[in-house]
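Residue numbers (my numbering), protein chains in the order written: chain A, 12 to 358; chain B, 604 to 1049. Think of the CB as a built atom: it goes at the ideal place given N, C-alpha and C, for glycine as much as any other residue. Everything numeric in this text was worked out from a predicted model, so none of it was measured. Encoded as structure tokens, the structure appears first; notes follow it.
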Amino acid sequence: MSKKSKIELRTTPHLHAPQNVVVIMQNVVFAILPIAAWSIWQFGLSALLLLLTVTGTCLLTERLFNITSGQANTLGDWSAIITGLLLALTLPPAFPLWMAVVAGFIAMAMGKVMFGGLGMNIFNPALVGRAFVQAAFPVAITTWTPALFDGRFSQLIPSTLTMPFMIPVEVADWNSQVAIDAFSGATPLALQKFEGINTPVLDLFVGNAAGSSGETSALIILVCGLYLAFRNFLDWRIPFYILSGTFLTSGAFYLIDPVLYPEPLFMLFSGGLMLGAWFMATDMVGSPVTPVGVIIYGLLIGFLTVIIRIFGGLSEGVMYAILLANAATPLIDQYTLPRVFGQQGKS
Amino acid sequence: MGLLSIFNKKTFAHGLHPPAHKSYTSGIPIKRLPFAPVLIIPLSQHIGAPSKCIVNKGQEVMRGQTIAEAHGALSVPIHSPATGRIQKIELITGARGTKESAIFLKVYEASTQKIMRTIHVNPDKLNTDELLQAIQDSGLVGLGGAAFPLHFKHNIPDDKDVHTMIVNGCECEPYLTCDHRVMLEHPEHLIRGIVYAMRATESNKAIIGIEDNKMDAIKSLQDLLTDHPDISVQAVETKYPQGSEKMLIKSLLNKEVPAGGIPADIGVVVNNVHTLSALGQLLPNGEGLTERVITVTGPGIKRPGNYIVPIGTPIGFILDQVGYDGGINEFILGGPMMGSAVSSLQTPVTKSCSGLLVLNEPSIQQETLNVWPCIKCGRCVNACPMNLNPAQLGQLAIASEYEVMAEQYHLNHCFECGCCSYICPSNIPLVQYFRIAKAINREQAA
């Protein structure tokens, strides 16, 4: 041999696709940023502080458990950032920061780390955190403030800086001061459900409505979600079947009684459905892997969302619909295993 | 072939589209490499019993002379790849890393290297049994990588009736182009080989399946086949692993080989184009297999191309001939998806070796990546051509549940194509897990 050469030995295959976990997670983060930016534009400094607080809490919590359990640092996989951003986007802009810290801690500790970290969680961690604070702070999580109020970049919503373990101040008076139009203090879904007032679908689509800090603009969520689907970072079939399931179920109710039940398009573009369908339900860990399983999962979420919204005590149903479908995922996967090549009938 | 064919591509479900990297070599005519000073000829170059050495140390042999006999039915003879003197017979480390017996042949430099005829028959006048015997005498095995003795594959059991011969010109592995060049440069050998193979298997039609990235080969074969109405050429989708026989049968005939069965169960036998081309070339000349075409390519190679290489040529000699960068390299015999990386540059080219791929330092570094936990993205499930659930199998492998893998999750249907490992964003070495699981299950069964 004329040349010095060191021989490398690896097993097959010797090539690998360019996408890896970090690339996927980074792209999801990039796709969430425009939604976060819209949230800050709409709700100002309070929304910004909320995003920073929740994301920071999630990162610190994961690192804390890394240290206490003697594991390597897992923050490098970027998944904790996604949980933090998504959780913040599902909280009302007026949500007190100390409660947001609780939400972030619970999301990571009980939603992810307790199950064994990345890939092992059964439920979407962000929604676990959201569900906890929904139960713990029922008033704060249904306290809404108007979008695009004057002075949102120079002042905070009064409840944002509530001292830890203190009950936040009432924002109703403040709402009536800053709101451009009369503000009812309710989301479009709550208005429809409890007072029978319908918000125009176009307002919902572009985001001209009250709601959780990141759920108001269906348009931006749709664009960001389509970007991820186009780059193959999320499975487009999941939002497709969730939206189909929602449309079909609410369509059926609408046909039964158009006065009592909202129209299907309103259902599609209101509340957290878009954010949930594109960014929460598509969390790879909690969704099925089989082709048929994905269809069942999506339709189930759509169906449950409508049922909870119409018949439940809450005006919003996406969160519990996704959590229930997450729980059903292992079962769905088990019963929808595809027929193995060359086998007759069901395997 | 019409406009509609793009909507109605012949293909199978799942699989992948890895970058092809074929343009380095696909346009370069086949060239011949010189003889290495010493050839190393392993006695086990095929599936089945190793050949039985019939030469002694110090003996002079002629190129083409039988130097090892078939040892039983599932075995083939080996012919001397060069005229020279037997230096020694000893154990070497083979391509798969196991120790195996090999004949070392010192090549005579000044010899004319004329090939000795060993098969003294006229293939056109043989009956089926005689033809099968002649095929065995030629030492031919599957040259696409499987190394299954050709005569044994063509010896169809009495209870099975083969009607269709599928000729596999897919060459779905990235980088490799030797089958492509063989089809382009020696179509007459291929067609003659197909005719012999159809007679040996008593099949009444043949379909040459070629991936649609080789339209030049498809067109030239179609032009030559006008007076062979029983042989047709079909384009199939360029997709990995199209060249796996079960996938190709599915693409061409829309039939599935029963799980655990062989193609003959549904009346089909599949042969690689290079194998049948060699058959059509060797049999009328009365020669045994002494050399083959391999693709020598990869980012580390200075003069990539397809080369005729005598069986037994050490890869180090080939590398000296074609030029390569030093440094950290990975040397792969076969393609990048299923080929084996070798630990020594003394490793010889064997009958079933279709390529020598050299991946150099930057390309290796890019691949040597972290492993993350499975995030259940389902990409492996959507890639597995056998419709298995590699993610679930991988979790079971980590938990050492090897029997559950085989009994409930169809581990043994996995043919290790590597799609799952390739696509896994967590870089989990799934195929390696499955290989280990199968090996442990085999050990426990034994």
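7 Å Cβ cutoff met for residue i and residue j
i: A/Phe262; j: A/Val329; result: Residue 262 of chain A is actually Gly in this sequence, not Phe. No, the pair does not count as a contact, with Cβ atoms beyond the cut-off.
i: A/Leu138; j: A/Ile312; result: no
i: B/Leu1033; j: B/Gly981; result: no
i: A/Tyr272; j: A/Phe264; result: yes
i: B/Val961; j: B/Ile904; result: yes
i: B/Leu646; j: B/Ala671; result: yes
i: B/Ala639; j: B/Pro1028; result: no
i: B/Ala820; j: B/Leu787; result: yes
i: A/Leu100; j: A/Ser187; result: no
i: B/Leu827; j: B/Pro790; result: yes
i: A/Trp289; j: A/Gly236; result: yes
Cross-strand partners of residue i (DSSP beta bridge)
i: B/Val873; result: B/Ile769
i: B/His682; result: B/Thr669
i: B/Glu663; result: B/Arg688
i: B/Ser835; result: B/Ile810
i: B/Arg699; result: Answer by DSSP bridge pairing: none, since B/Arg699 is not bridged.
i: B/Ile643; result: B/Phe707
i: B/Arg1091; result: For chain B, the structure presents residues 604 to 1049; residue 1091 of chain B sits outside this window and is missing.
i: B/Arg635; result: B/Ile911
i: B/Glu693; result: B/Ala705
Alpha carbon of residue i to alpha carbon of residue j, nearest angstrom
i: A/Asn38; j: A/Phe244; result: 7 Å
i: B/His620; j: B/Tyr843; result: 6 Å
i: B/His757; j: B/Ala803; result: 6 Å
i: B/Gln845; j: B/Ile897; result: 20 Å
i: A/Gly323; j: A/Ser165; result: 38 Å
i: B/Gly929; j: B/Ile738; result: 42 Å
i: A/Ser90; j: A/Leu44; result: 14 Å
i: A/Ala336; j: B/Lys1041; result: 35 Å
i: B/Ser854; j: B/Thr614; result: 4 Å
i: B/Tyr1036; j: A/Leu342; result: 25 Å
i: B/Lys849; j: B/Pro866; result: 7 Å
i: B/Ser943; j: B/Met665; result: 31 Å
i: A/Ser13; j: B/Gln949; result: The pLDDT assigned to A/Ser13 is 45, lower than 50, so where the model puts this residue is not dependable; a value taken from the coordinates is nonetheless given after this. In a straight line, the C-alpha of A/Ser13 is about 13 Å away from that of B/Gln949.
i: A/Ser75; j: A/Val124; result: In the sequence as displayed, the identity of residue 75 of chain A is Leu instead of Ser. C-alpha separation (whole angstroms): 10 Å.
i: A/Ala114; j: A/Ser80; result: 22 Å
i: B/Asn768; j: B/Val798; result: Contrary to the premise, residue 768 of chain B reads as Met rather than Asn in this sequence. Taking the straight line from one Cα to the other gives about 10 Å.
i: A/Thr64; j: A/Leu97; result: 12 Å
i: B/Cys642; j: B/Gly1021; result: The displayed chain sequence assigns Leu, not Cys, to residue 642 of chain B. In a straight line, the C-alpha of B/Leu642 is about 32 Å away from that of B/Gly1021.
i: A/Ile319; j: A/Gln145; result: 15 Å
i: A/Asp184; j: A/Ile321; result: 30 Å
i: B/Arg784; j: B/Ile633; result: 7 Å
i: B/Ile869; j: A/Thr72; result: 59 Å
i: A/Gln354; j: B/Arg1045; result: 22 Å
i: A/Phe134; j: A/Gly87; result: 21 Å
i: B/Cys977; j: B/Glu933; result: 27 Å
i: A/Leu108; j: A/Ala47; result: 17 Å
i: A/Pro169; j: A/Val189; result: 12 Å
i: B/Gly605; j: B/Ile631; result: Note that B/Gly605 scores 45 on pLDDT, short of 50, meaning its location in the model is unreliable and no value can be drawn from it.
i: A/Pro302; j: A/Pro349; result: 8 Å
i: A/Val351; j: A/Ile307; result: 20 Å
i: A/Asn84; j: B/Gly926; result: 44 Å
i: B/His624; j: B/Lys979; result: 30 Å
i: A/Arg248; j: B/Ile911; result: 49 Å
i: A/Ala201; j: A/Asp268; result: 19 Å
Contact set between residue i and chain E, taken where Cβ atoms lie within less than 7 Å
i: A/Arg242; result: No chain E is present in this structure, whose protein chains are A and B.
Item checked: 4-residue-minimum alpha helix (DSSP H) runs that sit fully inside the region 930-1007 of chain B, ordered along the chain -> 964-970, 982-986 and 993-1001
Next item on the list: Return the chain-ordered ranges of every alpha helix (DSSP H) run that is complete within the region 701-763 of chain B and spans a minimum of 4 residues.
Entry: 731-740 and 753-757
Checklist line | At least 3 beta-carbon pairs within less than 8 Å: the region 883-898 of chain B vs the region 712-726 of chain B | finding: yes
Check: Enumerated in chain order, which unbroken segments of the alpha helix (DSSP H) with a length of 4 residues or greater are wholly contained in the region 30-118 of chain A?
Finding: 32-54, 56-79 and 90-101
Next item on the list: Determine contact between the region 53-63 of chain A and the region 102-112 of chain A, defined as no fewer than three beta-carbon pairs at a distance below 8 Å.
Entry: yes
Next item on the list: Assess, as a yes-or-no matter, whether the region 769-784 of chain B is touched by the region 700-710 of chain B under the definition of 3 or more beta carbon pairs within less than 8 Å.
Entry: no
Notebook entry, point to check: Counting Cβ pairs closer than 8 Å, one from the region 657-675 of chain B and one from the region 920-937 of chain B, do we hit at least three?
Noted result: no
Check: Is it true that the region 675-694 of chain B meets the region 743-763 of chain B, where meeting means three or more beta-carbon pairs spaced less than 8 Å apart?
Finding: yes
Note to self: To test your reading of the DSSP string, which unbroken alpha helix (DSSP H) runs of 4 or more residues are found completely within the region 270-350 of chain A?
What the structure shows: 275-280, 302-322 and 329-346
Notebook entry, point to check: What are the complete alpha helix (DSSP H) segments, minimum 4 residues, inside the region 206-266 of chain A?
Noted result: 212-217 and 229-241
Check: Counting Cβ pairs closer than 8 Å, one from the region 207-214 of chain A and one from the region 267-281 of chain A, do we hit at least three?
Finding: yes
Check: Which whole runs of the alpha helix (DSSP H) in the region 136-192 of chain A are 4 residues long or more, in chain order?
Finding: 136-147 and 183-189
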